[in-house]
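Below is one structure, written out as structure tokens; comments come after it.
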Amino acid sequence: MINLVLVEPEIPANTGNIARTCAATRSRLHLVKPLGFDISDKAVKRAGLDYWPMVDITVYESLDEFMKIHNQDDLWLATTKAPQTYTEARFQDNCYILFGKETAGLPQWLREQYPERCIRLPMRPDARSLNLSNSAAILCYEALRQIGFPDLT
Numbered sequence: 001m002i003n004l005v006l007v008e009p010e011i012p013a014n015t016g017n018i019a020r021t022c023a024a025t026r027s028r029l030h031l032v033k034p035l036g037f038d039i040s041d042k043a044v045k046r047a048g049l050d051y052w053p054m055v056d057i058t059v060y061e062s063l064d065e066f067m068k069i070h071n072q073d074d075l076w077l078a079t080t081k082a083p084q085t086y087t088e089a090r091f092q093d094n095c096y097i098l099f100g101k102e103t104a105g106l107p108q109w110l111r112e113q114y115p116e117r118c119i120r121l122p123m124r125p126d127a128r129s130l131n132l133s134n135s136a137a138i139l140c141y142e143a144l145r146q147i148g149f150p151d152l153t
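If you're matching positions, the sequence shown starts at 1 in our numbering and goes up one per residue.
Below, the structure is given as structure tokens:
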């Protein structure tokens, strides 16, 4: 199983789309507050459609709380500032892939604490970034590919 972690997400539609990816892939969704919206908001539910009951979701009060609870040996940090591409990562079952908020990404202190765990999606240098939900889907499916797509047909 893959764990997708959204740190301080701001756009409800992105979270809804990522929730739908989690539902379809049996991945877990972790949301780290503060959230830029109410997770019961219609926009989030609309993006996730009827998949919400299939989403295994946990909400944390802070990134500090999340880090204290979860194994920090298998974290991957998705950031445009990473030296290595996602194809260099060796994902394991039950790994955590962290994504930062849409306007600022992951905190600098976290990227500095885990520089060897920072990965990026290759893109042209004058493009700022991909949409958060697209990035999450790409990395989720790469991780699932590497672990053999367990329980998926």
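Virtual Cβ for every residue (Gly too), placed ideally from N, Cα, C.
These numbers were taken from a predicted model, which means no experiment stands behind them.
### Query
When the distance is taken between beta carbons, is Asp56 closer than 9 Å to Cys22?
Contact flag set, yes.
### Among Leu152, Ile138, Thr103, the one whose alpha carbon lies nearest that of Ile18
Checking every option, the nearest Cα to that of Ile18 belongs to Ile138.
### Alpha-carbon spacing of Glu116 relative to Ile11, whole angstroms
Between Glu116 and Ile11, the alpha-carbon positions lie close to 28 Å from each other.
### Query
Are the Cβ atoms of Ala143 and Ile97 separated by less than 9 Å?
In contact: Ala143 and Ile97 (Cβ atoms closer than 9 Å).
### Task
Spatial neighbours of Arg111 within its chain, please: CB distance less than 7 Å, with the 5 preceding and 5 following residues excluded, ordered by chain position.
For Arg111, where only same-chain residues beyond five positions count, the Cβ hits under 7 Å are Leu77, Thr79, Lys81, Cys118.
### Message
Check for me: the beta strand (DSSP E) holding Asn3 runs from which residue to which?
### Response
In the DSSP assignment, Asn3 falls within the beta strand (DSSP E) that extends over 3-7.
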